[in-house]
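Line by line, the protein sequences are chains A and B.
The first sequence begins at 141 in the numbering used here and counts up one residue at a time.
The second sequence begins at 141 in the numbering used here and counts up one residue at a time.
Note that CB positions come from ideal geometry on N, CA and C, so glycine has one too.
None of these values were measured; they are calculated from a predicted model.
2 protein chains.
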Amino acid sequence: MPRVKVASFGMSIDGFSAGPRQSLDDPLGVGGTSLMGWVFPTRTFKQMHGEGGGETGIDDEFAARGFANIGAWILGRNMFGPVRGPWPDDSWRGWWGEEPPYHVPVFVLTHHARDSLEMQGGTTFHFVTDGIHAALDAAKQAAGGRDVRIGGGADTVRQYLQAGLVDEVHLAVSSTLLGQGESLLSGIDLPALGFKCTEHVTSPHAMHVVLCK
Amino acid sequence: MPRVKVASFGMSIDGFSAGPRQSLDDPLGVGGTSLMGWVFPTRTFKQMHGEGGGETGIDDEFAARGFANIGAWILGRNMFGPVRGPWPDDSWRGWWGEEPPYHVPVFVLTHHARDSLEMQGGTTFHFVTDGIHAALDAAKQAAGGRDVRIGGGADTVRQYLQAGLVDEVHLAVSSTLLGQGESLLSGIDLPALGFKCTEHVTSPHAMHVVLCK
Numbered sequence: 141m142p143r144v145k146v147a148s149f150g151m152s153i154d155g156f157s158a159g160p161r162q163s164l165d166d167p168l169g170v171g172g173t174s175l176m177g178w179v180f181p182t183r184t185f186k187q188m189h190g191e192g193g194g195e196t197g198i199d200d201e202f203a204a205r206g207f208a209n210i211g212a213w214i215l216g217r218n219m220f221g222p223v224r225g226p227w228p229d230d231s232w233r234g235w236w237g238e239e240p241p242y243h244v245p246v247f248v249l250t251h252h253a254r255d256s257l258e259m260q261g262g263t264t265f266h267f268v269t270d271g272i273h274a275a276l277d278a279a280k281q282a283a284g285g286r287d288v289r290i291g292g293g294a295d296t297v298r299q300y301l302q303a304g305l306v307d308e309v310h311l312a313v314s315s316t317l318l319g320q321g322e323s324l325l326s327g328i329d330l331p332a333l334g335f336k337c338t339e340h341v342t343s344p345h346a347m348h349v350v351l352c353k
Numbered sequence: 141m142p143r144v145k146v147a148s149f150g151m152s153i154d155g156f157s158a159g160p161r162q163s164l165d166d167p168l169g170v171g172g173t174s175l176m177g178w179v180f181p182t183r184t185f186k187q188m189h190g191e192g193g194g195e196t197g198i199d200d201e202f203a204a205r206g207f208a209n210i211g212a213w214i215l216g217r218n219m220f221g222p223v224r225g226p227w228p229d230d231s232w233r234g235w236w237g238e239e240p241p242y243h244v245p246v247f248v249l250t251h252h253a254r255d256s257l258e259m260q261g262g263t264t265f266h267f268v269t270d271g272i273h274a275a276l277d278a279a280k281q282a283a284g285g286r287d288v289r290i291g292g293g294a295d296t297v298r299q300y301l302q303a304g305l306v307d308e309v310h311l312a313v314s315s316t317l318l319g320q321g322e323s324l325l326s327g328i329d330l331p332a333l334g335f336k337c338t339e340h341v342t343s344p345h346a347m348h349v350v351l352c353k
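Okay, structure coming up:
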């Protein structure tokens, strides 16, 4: 059965998955980039960005697993970009340049309709205005039997968790304090939703935990 | 300078330092014992309970550090026992039997006065009814130049953190989900209080993080 996954999702010691005041300069909010410190040196991340080299090992294995067998992604609009409200025009094409690292259909949750956007390398952004269930239905269909990854941000992950639609979550807990920002799990009773921790592995950069139903 | 420390404080992935429904059977609340799974096998813990053997290594080093140079402890009343409201009598003498593992003066925060309780092995429980600052003043004086450890529970740690009275926090984050219980850090902005993560070490059982001012 195809699964709905959250993967490589960073969280600080104090439970935040993004810092406050997200902006063009701080896509993950102030301080939020520190949550991804574990992934930047990995071979998977470097290859994704057209660079050679990179570290192998625990962090790299988790980064790679997050891309394995993914047939479609779902992103919240803030994860797609900093534009708020109606799209002023079609000039914003994502944070990732002309060849985004997805290479499959990506469904972007938004309240504002927009034509699909075909990028290089197999990524097409589709803009979904009728809610998280519709986006998941479309993503599952597009995935053609492969898994669907909920890419974030935190609010989108929370919505899918609370709706009981997620099968697996891989969190990378960094030794970071953010103090403010978007709390990932507050008010969400994961055991009541059927989750338990099925795997935990630590690297010098992060504690990786896998939560499954 | 003597320091005020929180040490060996367990926290779940979802940020809880105790489960719900604390009782005589579940001193750390339902499921809360899992937060301390890292400490039970250690040599320090076993010695503390009169047993030989036990594991050395990262977990044991942190457990031992938590007892080094401590001249006095502060505990919230719930950490001292399950009795609520006025003391019906003096029969409750703590969770730990006649020789508690403190071996120094221990100041218990309570709204209900009670005579000090001298136990075997150097532990004396003093009951403080005039608040966290008074308890800390008394503990510092009793510690005679050594450090003061805030033993918990979560609410007591939160109060001392929010009052800016803690210098150092060692958290042991376990790969546990509690779903409900006492959140340790929610609503507390540790960076704003001057904390940063100064050390993080992982064992197979826990991610140890040290937060210092």
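Next on the checklist: If contacts are defined as beta-carbon pairs under 8 Å, then Thr170/B and Leu305/B qualify, I think. What distance do you get, rounded to the angstrom?
Outcome noted: Taking the second sequence and counting its residues from 1, the one referred to as residue 170/B is at position 30. Taking the second sequence and counting its residues from 1, the one referred to as residue 305/B is at position 165. According to the sequence as given, residue 170/B is Val; it is not Thr. Actually they are not in contact, since the Cβ atoms of Val170/B and Leu305/B sit about 30 Å apart, beyond 8 Å.
Next on the checklist: Quick check on this structure: which residue in Ile328/A, Ala332/A, Ser323/A has the alpha carbon closest to the alpha carbon of Ile328/B?
Outcome noted: By 1-based counting over the second sequence, the position of residue 328/B is 188. It is Ser323/A.
Item to check | Secondary structure, alpha helix (DSSP H): runs of 4+ residues fully inside the region 194 to 219 of chain B | outcome: With a minimum length of 4 residues, the continuous alpha helix (DSSP H) runs that stay inside the region 194 to 219 of chain B are 198 to 205.
Checklist entry - Can you list the residues of chain B that Ile330/A reaches, using a CB-CB cut of under 7 Å? => result Counting from one through the first sequence, the residue named residue 330/A turns up at place 190. First, the amino acid is wrong: residue 330/A is Leu here, not Ile. What Leu330/A touches in chain B: Asp154, Leu317, Gly319.
Next on the checklist: Just to confirm before moving on: does the CB-CB distance between Ser326/B and His340/A stay below 8 Å?
Outcome noted: Taking the first residue of the second sequence as position 1, residue 326/B is located at position 186. Taking the first residue of the first sequence as position 1, residue 340/A is located at position 200. In this structure, His340/A does not lie closer than 8 Å to Ser326/B by Cβ.
Checklist entry - Using a C-beta cutoff of 8 Å, does Thr342/A count as contacting chain B? => result For this step, residue 342/A is matched to residue 202 along the first sequence. Thr342/A counts as touching chain B.
Checklist entry - Between Lys280/B and Pro142/B, which are expected to be in contact by the criterion C-beta below 8 Å, what is the C-beta distance as a whole number of angstroms? => result As a first step, residue 280/B is located in the second sequence; it is residue number 140 there, counting from the start. As a first step, residue 142/B is located in the second sequence; it is residue number 2 there, counting from the start. Pro142/B and Lys280/B do touch by the CB rule: their CB atoms are close to 7 Å apart, below 8 Å.
Checklist entry - How would you label Leu249/B, buried or exposed, when you count the other beta carbons within 10 angstroms and need 16 or more for buried? => result Reading the second sequence from its first residue, position 109 is the one you call residue 249/B. Buried, because 16 or more other Cβ atoms sit within 10 Å of the Cβ of Leu249/B.
Checklist entry - So, does the CB of Ser326/A fall closer than 8 Å to a CB anywhere in chain B? => result Here residue 326/A is taken as the residue at index 186 of the first sequence, counted from 1. Chain B contact via Cβ: present.
Checklist entry - For Val223/B versus Trp235/B, is the C-beta distance shorter than 8 Å? => result Here the question's residue 223/B lines up with position 83 in the second sequence. Here the question's residue 235/B lines up with position 95 in the second sequence. It is not a contact, given that the beta carbons lie outside the stated cut-off.
Next on the checklist: Here's the rule: buried if 16 or more other CB atoms are within 10 angstroms of the residue's CB, otherwise exposed. What is Gly89/A?
Outcome noted: Lying outside 141 to 353, the shown extent of chain A, residue 89/A is not represented and no answer is given.
Next on the checklist: Excluding the 5 residues flanking Leu311/A on each side, which residues of the same chain have their C-beta closer than 6 Å to its C-beta?
Outcome noted: One-based indexing of the first sequence puts residue 311/A at position 171. So the list reads Phe149, Met151, Val349, once near-sequence residues are dropped.
Checklist entry - Mind checking whether Gly216/A and Asp295/A have CB atoms under 8 Å apart? => result One-based indexing of the first sequence puts residue 216/A at position 76. One-based indexing of the first sequence puts residue 295/A at position 155. Yes, they are a contact pair.
Next on the checklist: Quick check: what's the CA-CA separation for Thr338/B versus Ser174/A?
Outcome noted: As a position in the second sequence, residue 338/B is number 198, starting the count at 1. As a position in the first sequence, residue 174/A is number 34, starting the count at 1. Rounded to the nearest angstrom, the gap between the Cα atoms of Thr338/B and Ser174/A is 14 Å.
Checklist entry - Within 7 Å: the Cβ of Thr196/A and any heavy atom of the ligand NAD? => result Because no ligand of any kind appears in the structure shown, any question about the ligand NAD cannot be addressed here.
Checklist entry - When burial is assigned at 16 or more other CB atoms within 10 Å of the CB, is Ala212/B buried or exposed? => result Against the second sequence, residue 212/B aligns to sequence position 72. Label assigned to Ala212/B: buried.
Next on the checklist: For Leu318/B, count the other beta carbons within 10 Å of its own beta carbon; 16 or more makes it buried, fewer makes it exposed. Which is it?
Outcome noted: Mapped onto the second sequence, residue 318/B falls at position 178. With 16 or more Cβ atoms within 10 Å of its Cβ, Leu318/B is classed as buried.
Checklist entry - The alpha helix (DSSP H) spanning His273/B covers which residue range? => result In the second sequence, the residue the question calls residue 273/B occupies position 133. Where His273/B is concerned, the enclosing alpha helix (DSSP H) stretches over 271 to 283.
Next on the checklist: Taking 8 Å as the threshold (C-beta atoms), are Val246/A and Thr269/A in contact?
Outcome noted: Taking the first sequence and counting its residues from 1, the one referred to as residue 269/A is at position 129. Taking the first sequence and counting its residues from 1, the one referred to as residue 246/A is at position 106. Contact: no.
Checklist entry - In chain B, which residues lie less than 8 Å from Met347/A when you measure between Cβ atoms? => result If you number the first sequence from 1, residue 347/A lands on position 207. Under the 8 Å cutoff, chain B gives Val313, Ser315, Thr342, Met347.
Next on the checklist: Taking the alpha-carbon of Glu238/A as reference, which of Trp227/A, Leu257/A, Phe267/A has the nearest alpha-carbon?
Outcome noted: In the first sequence, residue 238/A corresponds to position 98, counting from 1. Measuring from the Cα of Glu238/A, the nearest candidate turns out to be Leu257/A.
Checklist entry - So what's Arg233/A in DSSP terms, helix, strand or just coil? => result Looking up residue 233/A in the first sequence gives position 93. Correct three-state label for Arg233/A: coil.
Checklist entry - Can you tell me the Cα-Cα spacing of Pro344/B and Phe220/A, whole angstroms? => result Numbered from its first residue, the second sequence carries residue 344/B at position 204. Numbered from its first residue, the first sequence carries residue 220/A at position 80. So the alpha carbons of these two residues sit roughly 36 Å apart.
Next on the checklist: Looking only at its chain, what residues have a beta carbon closer than 7 Å to the beta carbon of Asp199/A, apart from the 5 residues adjacent to it on each side?
Outcome noted: If you number the first sequence from 1, residue 199/A lands on position 59. Cβ neighbours of Asp199/A within its own chain (closer than 7 Å, five residues either side excluded): Trp178, Val179, Thr182, Ser343, His345, Ala346.
Checklist entry - Under a three-way DSSP split, which group does Lys186/B fall into? => result Sequence index remark: in the second sequence, residue 186/B carries index 46 (1-based). Reduced to three states, the DSSP call for Lys186/B is helix.
Next on the checklist: Just to make sure I have the definition right: I need the residues of chain B whose C-beta is within less than 8 Å of the C-beta of Leu351/A. Which are they?
Outcome noted: One-based indexing of the first sequence puts residue 351/A at position 211. Here the neighbours are Ile153, Leu317.
Item to check | Nearest-angstrom Cβ-Cβ length linking Ala275/A and Ile210/A, presumed shorter than 8 Å | outcome: Indexing the first sequence from 1 puts residue 275/A at position 135. Indexing the first sequence from 1 puts residue 210/A at position 70. Contact doesn't hold; Cβ gap of about 15 Å is too wide.
Checklist entry - Thinking just about the alpha-carbon of each residue, which of Pro240/A, Gln187/A, Gly172/A is nearest to the one in Gln320/A? => result Indexing the first sequence from 1 puts residue 320/A at position 180. Of the residues Pro240/A, Gln187/A, Gly172/A, the one whose Cα lies closest to the Cα of Gln320/A is Gly172/A.
Item to check | Per-residue burial, Asp287/B [other beta carbons within 10 Å of its own, 16 or more giving buried] | outcome: As a position in the second sequence, residue 287/B is number 147, starting the count at 1. So Asp287/B counts as buried.
Checklist entry - Would you say Gly293/A and Ala158/A are within 8 Å of each other, going by their C-beta atoms? => result As a position in the first sequence, residue 293/A is number 153, starting the count at 1. As a position in the first sequence, residue 158/A is number 18, starting the count at 1. A contact, by the Cβ cut-off of 8 Å.
Item to check | Nearest residue (CA-CA) to Gln162/B, options Gly271/B, Arg254/B, Ile290/B, Asn218/B | outcome: Residue mapping note: residue 162/B aligns to position 22 of the second sequence, counting from 1. Ranking Gly271/B, Arg254/B, Ile290/B, Asn218/B by Cα distance to Gln162/B puts Asn218/B first.
Checklist entry - Could you give the distance in angstroms between the alpha-carbon of Pro240/B and the alpha-carbon of Met176/B? => result Reading the second sequence from its first residue, position 100 is the one you call residue 240/B. Reading the second sequence from its first residue, position 36 is the one you call residue 176/B. Going by the C-alpha atoms only, they are around 18 Å apart.
Item to check | Contacts around Gly197/A, its chain only, beta-carbon distance under 7 Å, and the 5 residues preceding and following it disregarded | outcome: Here the question's residue 197/A lines up with position 57 in the first sequence. Same-chain partners within the cutoff: Ser343.
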